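A.B. asks: Residue numbers (my numbering), protein chains in the order written: chain A, 150 to 308; chain B, 87 to 376; chain C, 2 to 739. Can you keep this structure in mind? I'll have questions shortly.
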Amino acid sequence: MHTLMMNVNGSDVRVDIYPDETLAEVLRDRLGLIGTKVACGEGECGACTVLIDGVAVTSCITPAMKAHGRRVVTIEGLSEDKELHVIQQAFVDATASQCGYCTPGFIMATKALLDANPNPTRDEIMHGISGNLCRCTGYYQIVDAVALAAKRLAEEEQS
Amino acid sequence: MWQEYLFATSVEHALELLSRYEGRAQLIAGGTDLVLQSQRGECPATVMVDIIRIPGLNHIQEQDGHIVIGAQVTHAQIAASPLIREKAPILAMACAQVGGPQIRNAGTLVGNVINAQPAADGAVALFALDAELEVATPEGRRWEPIAHVYRGVGVCTINPCQEMVTAVRFRPLTGACGCNYQRLARRKALTLPTLVVAAVLEMTGDAIKWARIAIGPVAPTPYRAADAEAYLIGKKAEESVFAEAGQLAAAKARPRDSLIRGSGEYRTAMVGVLVRRAIAAAAQQCYGRR
Amino acid sequence: MSKVVGSPQTRLDIVAKVKGTRKYPQDFNMEGQLWAAVVWAAHPHAIVRRIDTSAAEALPGVVRIITSKDVPVNSYGINIPDQPVLVGEGGKVRWVGDRIAIVVAQDRRTAYKARDLVRVDYEPLPVVSDVFAAMQENAPRIHEDRPSNILHHIPIRKGNVEEGFAQADVIVEGEVSTPFVEHAYMQPEAGIGYIDEEGRVTVIASAQWPHDDLHQIARMLDLPEDKVREIVPAVGGAFGGREDMYIQHLLALCAFVMRRPVKMVWDREESISRTGKRHPFYFRYKVGATREGVLTAVQIRLISDAGAYASTSIPVLNNAASFAAGPYKYPHAHVDAYTVFTNNAVTMAMRGFGATQPPVMYERMLDQLAEALHMDPVELRMKNLLGDGDISITGNAMWGGVGIKETLRQAALAAGWRQEGEHWVKPDLGQPSAPHKKRGIGIACAYKNVGYSFGFDDKSEAEVILRLKMDGSIASATVKTAAVDVGQGVTTALAQIAAETLGIPVSRVRIALIDTSDVPNAGSSSASRHVYITGNAVYGACKAALEKRERILLEESGELNVSARYLYRGRSRRPTTPYDPETGQCNPHIAYSYGTEIALVEVDAETGETEVLKMWAAHDAGRVVNPAQYFGQVAGGVHMGVGYGLTEEYIQQDSRPRTRRFSEYFIPTVLDMPRELVSLAVEVEDPTGPFGAKGLGETPTLPTAAAIANAIHDATGVWLNRIPATSEMVWRAIHGKG
Numbered sequence: 150m151h152t153l154m155m156n157v158n159g160s161d162v163r164v165d166i167y168p169d170e171t172l173a174e175v176l177r178d179r180l181g182l183i184g185t186k187v188a189c190g191e192g193e194c195g196a197c198t199v200l201i202d203g204v205a206v207t208s209c210i211t212p213a214m215k216a217h218g219r220r221v222v223t224i225e226g227l228s229e230d231k232e233l234h235v236i237q238q239a240f241v242d243a244t245a246s247q248c249g250y251c252t253p254g255f256i257m258a259t260k261a262l263l264d265a266n267p268n269p270t271r272d273e274i275m276h277g278i279s280g281n282l283c284r285c286t287g288y289y290q291i292v293d294a295v296a297l298a299a300k301r302l303a304e305e306e307q308s
Numbered sequence: 087m088w089q090e091y092l093f094a095t096s097v098e099h100a101l102e103l104l105s106r107y108e109g110r111a112q113l114i115a116g117g118t119d120l121v122l123q124s125q126r127g128e129c130p131a132t133v134m135v136d137i138i139r140i141p142g143l144n145h146i147q148e149q150d151g152h153i154v155i156g157a158q159v160t161h162a163q164i165a166a167s168p169l170i171r172e173k174a175p176i177l178a179m180a181c182a183q184v185g186g187p188q189i190r191n192a193g194t195l196v197g198n199v200i201n202a203q204p205a206a207d208g209a210v211a212l213f214a215l216d217a218e219l220e221v222a223t224p225e226g227r228r229w230e231p232i233a234h235v236y237r238g239v240g241v242c243t244i245n246p247c248q249e250m251v252t253a254v255r256f257r258p259l260t261g262a263c264g265c266n267y268q269r270l271a272r273r274k275a276l277t278l279p280t281l282v283v284a285a286v287l288e289m290t291g292d293a294i295k296w297a298r299i300a301i302g303p304v305a306p307t308p309y310r311a312a313d314a315e316a317y318l319i320g321k322k323a324e325e326s327v328f329a330e331a332g333q334l335a336a337a338k339a340r341p342r343d344s345l346i347r348g349s350g351e352y353r354t355a356m357v358g359v360l361v362r363r364a365i366a367a368a369a370q371q372c373y374g375r376r
Numbered sequence: 002m003s004k005v006v007g008s009p010q011t012r013l014d015i016v017a018k019v020k021g022t023r024k025y026p027q028d029f030n031m032e033g034q035l036w037a038a039v040v041w042a043a044h045p046h047a048i049v050r051r052i053d054t055s056a057a058e059a060l061p062g063v064v065r066i067i068t069s070k071d072v073p074v075n076s077y078g079i080n081i082p083d084q085p086v087l088v089g090e091g092g093k094v095r096w097v098g099d100r101i102a103i104v105v106a107q108d109r110r111t112a113y114k115a116r117d118l119v120r121v122d123y124e125p126l127p128v129v130s131d132v133f134a135a136m137q138e139n140a141p142r143i144h145e146d147r148p149s150n151i152l153h154h155i156p157i158r159k160g161n162v163e164e165g166f167a168q169a170d171v172i173v174e175g176e177v178s179t180p181f182v183e184h185a186y187m188q189p190e191a192g193i194g195y196i197d198e199e200g201r202v203t204v205i206a207s208a209q210w211p212h213d214d215l216h217q218i219a220r221m222l223d224l225p226e227d228k229v230r231e232i233v234p235a236v237g238g239a240f241g242g243r244e245d246m247y248i249q250h251l252l253a254l255c256a257f258v259m260r261r262p263v264k265m266v267w268d269r270e271e272s273i274s275r276t277g278k279r280h281p282f283y284f285r286y287k288v289g290a291t292r293e294g295v296l297t298a299v300q301i302r303l304i305s306d307a308g309a310y311a312s313t314s315i316p317v318l319n320n321a322a323s324f325a326a327g328p329y330k331y332p333h334a335h336v337d338a339y340t341v342f343t344n345n346a347v348t349m350a351m352r353g354f355g356a357t358q359p360p361v362m363y364e365r366m367l368d369q370l371a372e373a374l375h376m377d378p379v380e381l382r383m384k385n386l387l388g389d390g391d392i393s394i395t396g397n398a399m400w401g402g403v404g405i406k407e408t409l410r411q412a413a414l415a416a417g418w419r420q421e422g423e424h425w426v427k428p429d430l431g432q433p434s435a436p437h438k439k440r441g442i443g444i445a446c447a448y449k450n451v452g453y454s455f456g457f458d459d460k461s462e463a464e465v466i467l468r469l470k471m472d473g474s475i476a477s478a479t480v481k482t483a484a485v486d487v488g489q490g491v492t493t494a495l496a497q498i499a500a501e502t503l504g505i506p507v508s509r510v511r512i513a514l515i516d517t518s519d520v521p522n523a524g525s526s527s528a529s530r531h532v533y534i535t536g537n538a539v540y541g542a543c544k545a546a547l548e549k550r551e552r553i554l555l556e557e558s559g560e561l562n563v564s565a566r567y568l569y570r571g572r573s574r575r576p577t578t579p580y581d582p583e584t585g586q587c588n589p590h591i592a593y594s595y596g597t598e599i600a601l602v603e604v605d606a607e608t609g610e611t612e613v614l615k616m617w618a619a620h621d622a623g624r625v626v627n628p629a630q631y632f633g634q635v636a637g638g639v640h641m642g643v644g645y646g647l648t649e650e651y652i653q654q655d656s657r658p659r660t661r662r663f664s665e666y667f668i669p670t671v672l673d674m675p676r677e678l679v680s681l682a683v684e685v686e687d688p689t690g691p692f693g694a695k696g697l698g699e700t701p702t703l704p705t706a707a708a709i710a711n712a713i714h715d716a717t718g719v720w721l722n723r724i725p726a727t728s729e730m731v732w733r734a735i736h737g738k739g
């Protein structure tokens with residue numbers, strides 16, 4: 150067993166794991182953070198996206214030990230208490246979710262995208278979320294949600 | 087999968103661990119290939135040595151007439167790097183097309199090269215840049231031409247018990263150079279290519295001074311279309327020349343049939359088309375700069 | 002004038018989804034749970050000679066290996082119980098999705114390690130991978146108790162097709178085929194089986210028809226149905242792929258044997274390569290028309306690959322045959338439809354259920370005819386599309402509310418066609434974006450049944466409980482229905498229907514958790530049926546509850562809880578009949594929805610790559626209950642259609658899967674979608690639907706691939722013999738490389 154110490158959603162965490170556990174397994178099975186979803190297990194669909202030091206990665210193929218000493222943010226870390234983050238609210242308002250299984254992954258990818266590029270063009274949005282698959286929505290409303298979130302975040306910045 | 091996960095604190099430490107574990111250890115950078123291989127039982131290593139925290143391997147810089155990229159640099163960093171976009175745009179173009187954003191955030195260029203796949207985007211671009219890899223051993227470091235590192239599909243010549251690739255370098259492209267990257271794939275993201283072509287050329291006046299054309303997968307390793315390159319020297323940059331270069335490149339291409347990505351016959355035909363387009367676009371870029 | 006139905010309503014479950022708090026079956030854990038892993042068949046056709054579990058049992062952490070000996074009744078199946086739950090020694094595996102054993106262990110890691118240690122000796126049998134080979138006299142028999150591999154044949158004979166062709170001035174013919182397709186829902190199969198406090202074998206899993214699962218599980222375990230229970234907390238997509246049971250009965254078996262909670266989570270490779278697919282179809286067609294463009298006769302032979310077990314291959318064939326000629330008037334029609342066993346993947350329900358494949362054929366057929374007649378494709382269709390009361394190839398008069406012509410009219414006008422009296426003129430497509438590219442525009446019309454057909458007693462029961470305030474007004478309402486929301490938004494739509502009927506805001510309506518011990522049978526989330534059938538059930542239950550409330554207020558009984566149940570039967574207003582065994586004449590479907598899609602494409606003539614620049618989708622799903630969800634359903638259907646037409650193919654070689662992961666099976670990414678999608682809601686009401694609603698779930702995916710294929714033809718002049726139209730395939734067609 151290895152001891153993994155990391156900061157998850159603002160709290161320091163210390164957990165003993167098998168050396169070959171993935172970050173997704175640790176988050177879901179050891180820390181009970183089931184918001185991060187596993188859909189493909191090979192980093193090909195983005196459903197398991199989390200942020201490590203602000204960078205979006207697919208946690209299902211990230212060795213958990215890579216997060217040692219790092220700051221991890223999952224979907225649970227986005228909504229503080231009961232309020233929704235601007236991005237989450239935008240997904241609600243743009244009806245950007247149907248079955249919902251891919252939704253946390255898209256939202257985390259969006260967070261990383263908008264942190265790096267607060268004013269993306271529609272093309273940049275599409276490229277920014279091109280690592281996430283959805284089988285229900287056809288993506289258009291997701292792109293709308295990201296654009297809406299960008300607009301609202303900019304408005305928040307100004308005020 | 088693996089039974090130990092260790093962090094190397096320096097290149098020497100990494101080499102020492104490799105030696106200590108006598109072939110049971112494997113260096114891991116981003117892990118985007120390795121983790122899958124391990125899950126599928128294709129990677130026998132029981133000890134993972136993570137190199138991503140070693141100081142001094144994260145650079146993209148110009149030094150001594152070369153652009154040097156450290157072993158920790160990711161595809162995302164390269165695609166976004168102002169230096170690469172200015173002085174080796176072909177590499178930025180190629181790296182921007184690997185997988186999707188999350189894969190590009192984790193996967194390193196050097197890691198991708200070591201994985202030794204014939205159609206790896208970054209590696210194909212590096213072939214077109216005549217790149218060299220810095221190989222570190224307990225005895226010191228040396229630079230290897232990238233072609234020497236490939237032995238066959240998925241097999242590189244780097245000794246896993248004794249050697250570590252620490253950087254890649256190539257000469258920056260001058261203002262007289264143009265380059266273009268062509269990629270054919272079943273889908274526009276998250277998809278290994280059916281065919282990729284990386285073309286770099288330099289022009290004087292209306293004529294092509296030299297050209298480098300790298301293609302994958304048309305052979306067990308990324309492939310330089312030497313016949314086409316030789317033909318282009320001194321030729322006028324015009325349609326018939328581009329087309330002939332394409333034909334010469336296609337003549338020697340031996341792509342396999344892939345059930346999922348396309349038949350050998352199709353890929354061979356596409357070599358002709360994509361090489362022609364790449365050379366034409368690269369020449370256009372030269373004109374555009376003037 | 003309705004206030005709630007027809008107004009945009011935020012999905013009831015969307016907040017939980019964006020927060021990541023919505024729990025899917027893999028997100029549940031129970032105290033003391035064990036983990037299971039399936040030992041899958043290693044051959045597509047073989048006798049199991051010996052099962053040696055000793056090495057697996059010896060692994061520390063392994064608790065039990067469940068085999069066929071542990072199964073009380075070792076057969077199940079949604080229509081026909083022809084599938085073994087587990088194949089024992091001496092038994093036969095018929096595809097790689099058959100199961101040999103289930104390993105139960107302390108944790109998932111150990112279970113998966115142990116399953117690789119179970120040694121099975123097989124005696125391989127000849128593998129039948131091709132329907133045509135399977136149909137031969139001396140083909141190896143997949144099911145020994147049947148006279149041949151042909152599971153079913155449907156003949157349809159309307160009029161006299163020889164006469165009809167004699168009347169035709171122009172006749173065209175051809176062949177086209179469609180592939181196996183993977184559902185690719187994002188949530189892999191998972192769940193927990195356990196014994197609840199009342200001793201019931203309980204399963205938490207995703208499913209489309211919980212009560213049918215219940216029925217099959219009870220039969221398998223030889224238990225009364227009230228001793229079995231299924232809870233469906235959330236479903237991460239289904240598209241028909243969860244209509245058959247894949248994991249539910251295995252979890253139930255584990256719970257039954259172990260008497261402890263047992264959890265199972267499949268990886269994507271298992272989800273793709275060991276579960277059912279959409280039927281591939283092989284079509285041959287011949288159609289005739291007068292020179293004025295009036296259709297006279299059609300002859301079609303269609304064959305589907307049923308895979309290893311029956312599943313719903315017969316109902317799918319029923320549908321496919323009824324839709325084979327398309328939404329057009331034919332005085333003479335001759336259809337022969339077959340479904341045939343092979344050792345390929347079991348084929349089953351998938352969005353369209355036999356209505357998805359025929360448009361690829363019949364819309365190409367129409368365009369071929371239009372070309373031969375030198376007639377505009379919209380014009381030819383307008384002359385022949387079905388309308389209210391028109392007679393279809395099965396001899397029935399179409400129920401009122403046939404919106405297909407209106408969808409074509411609106412889509413064509415939106416896409417730039419000009420109507421000049423009876424004539425339609427194709428738009429100018431503009432310059433292609435590069436000299437090696439060609440532009441083309443293609444149309445497809447399609448239609449779908451809503452609800453189950455051919456005499457099936459399609460029904461749904463709903464219960465509504467009202468909580469009254471002291472003054473008798475409704476404080477809140479709970480709707481109990483087993484209508485599973487697989488992502489399509491039915492829960493919200495039903496809440497709207499209830500709110501509208503009860504005269505209260507949606508915020509005061511709660512839809513109960515789907516627990517078979519608590520909610521009545523609603524039938525399956527398929528056939529686009531829930532808004533129509535269950536919507537009618539919920540409407541009826543609300544009305545009944547309101548009547549009860551009236552009486553309570555009149556009698557001043559002081560009761561504050563009112564509950565009412567209502568069973569809606571599709572046949573109460575729309576009776577359907579099965580195929581006549583010789584002529585195929587019948588009244589097949591309860592209700593219909595209709596749609597037209599038009600694709601503008603650019604084809605790279607040198608590489609064969611196709612890009613869809615723009616898509617127009619005009620769909621008639623009757624009254625739209627929730628406009629906020631309408632576009633998403635259309636876009637999702639178009640996504641699957643784009644995949645069907647361009648990027649997706651489930652490949653098997655000698656019945657062994659070759660595309661087993663998302664890195665090998667290509668569903669469209671955001672970058673592969675049409676750059677622009679214009680969605681037009683054509684609301685032609687069905688008078689028997691709740692508030693005039695029909696069903697939307699499937700229709701948007703039916704015309705897409707056909708429209709794209711027709712557009713590719715328009716751009717390049719080539720007809721494609723199959724989909725997906727990969728770049729290589731288009732290149733071969735253009736360059737004559739066969």
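Backbone N, C-alpha and C fix where the C-beta goes; we use that ideal spot for every residue, glycine too. Treat the numbers as computed from the prediction; the structure is a model and nothing was measured.
1) State the DSSP-derived secondary structure class of residue 114 of chain B, mapped to helix, strand or coil.
2) Using a C-beta cutoff of 8 Å, does residue 614 of chain C count as contacting chain B?
3) Using 8 Å as the limit for Cβ to Cβ distance, is residue 346 of chain B near chain A?
4) Flag this pair as yes or no: are the beta carbons of residue 208 of chain A and residue 233 of chain A separated by less than 8 Å?
5) By the 7 Å beta-carbon criterion, what residues does the segment 236-250 of chain A contribute toward chain C?
6) Thinking just about the alpha-carbon of each residue, which of A:196, A:170, A:240, A:188 is nearest to the one in residue 223 of chain A?
7) So residue 694 of chain C and residue 624 of chain C are in contact, right, with Cβ under 8 Å, and what is the actual spacing, rounded?
8) Could you please give the first and the last residue of the uninterrupted alpha helix (DSSP H) stretch that includes residue 19 of chain C?
9) Pick from C:400, C:248, C:366, C:270: whose alpha carbon is nearest that of residue 301 of chain C?
10) With 16 as the cutoff for other CB atoms within 10 Å, does residue 373 of chain B come out buried or exposed?
11) By how many angstroms is the C-alpha of residue 243 of chain A removed from the C-alpha of residue 165 of chain B?
12) If you draw a straight line from the alpha carbon of residue 96 of chain B to that of residue 352 of chain B, how long is it in whole angstroms?
13) On a CA-only basis, which of C:42, C:704, C:90 is nearest residue 345 of chain C? Give me that one, please.
14) Between the alpha carbons of residue 432 of chain C and residue 735 of chain C, how many angstroms are there, rounded?
15) Give me the subset of the segment 198-225 of chain A whose CB atoms are less than 8 Å from a CB atom of chain B, sorted by chain position.
16) So what does residue 300 of chain C bridge to, in DSSP terms?
C.D. replies: Looking at the atomic coordinates:
1) Mapped onto the second sequence, residue 114 of chain B falls at position 28. Note: residue 114 of chain B maps to strand in three-state DSSP.
2) Position 613 of the third sequence, counting from 1, holds the residue named residue 614 of chain C. Chain B contact via Cβ: absent.
3) Within the second sequence, residue 346 of chain B is the residue found at index 260, counting from 1. So no, residue 346 of chain B is outside the interface.
4) As a first step, residue 208 of chain A must be located in the first sequence, where it is residue number 59. As a first step, residue 233 of chain A must be located in the first sequence, where it is residue number 84. Contact flag unset, no.
5) 237, 240, 241, 244, 246, 247, 248, 249, 250
6) Taking the first residue of the first sequence as position 1, residue 223 of chain A is located at position 74. Of the listed residues, the one whose Cα sits closest to residue 223 of chain A is A:196.
7) Here residue 694 of chain C refers to the residue found at position 693 when the third sequence is read from its first residue. Here residue 624 of chain C refers to the residue found at position 623 when the third sequence is read from its first residue. With a Cβ gap of about 4 Å, residue 694 of chain C and residue 624 of chain C count as contacting.
8) For the purposes of this step, residue 19 of chain C is taken as residue 18 along the third sequence, with counting starting at 1. Start and end: 15-20.
9) The residue you call residue 301 of chain C lines up with position 300 of the third sequence. Checked all of C:400, C:248, C:366, C:270; the closest Cα to residue 301 of chain C is C:366.
10) Residue numbering aside, residue 373 of chain B sits at position 287 when the second sequence is read from its first letter. Per the 10 Å Cβ criterion, exposed.
11) For the purposes of this step, residue 165 of chain B is taken as the residue at position 79 of the second sequence. For the purposes of this step, residue 243 of chain A is taken as the residue at position 94 of the first sequence. Distance between the alpha carbons of residue 165 of chain B and residue 243 of chain A is about 31 Å.
12) Residue mapping note: residue 96 of chain B aligns to position 10 of the second sequence, counting from 1. Residue mapping note: residue 352 of chain B aligns to position 266 of the second sequence, counting from 1. Answer to the nearest angstrom: the Cα atoms are 47 Å apart.
13) The count along the third sequence starts at 1 and reaches residue 345 of chain C at position 344. Closest option to residue 345 of chain C, Cα to Cα, is C:42.
14) Residue numbering aside, residue 432 of chain C sits at position 431 when the third sequence is read from its first letter. Residue numbering aside, residue 735 of chain C sits at position 734 when the third sequence is read from its first letter. For residue 432 of chain C and residue 735 of chain C, the distance between alpha carbons rounds to 20 Å.
15) 198, 204, 205, 206, 207, 210, 211, 212, 214, 215, 217
16) The residue you call residue 300 of chain C lines up with position 299 of the third sequence. Bridge partners of residue 300 of chain C: C:287, C:335.
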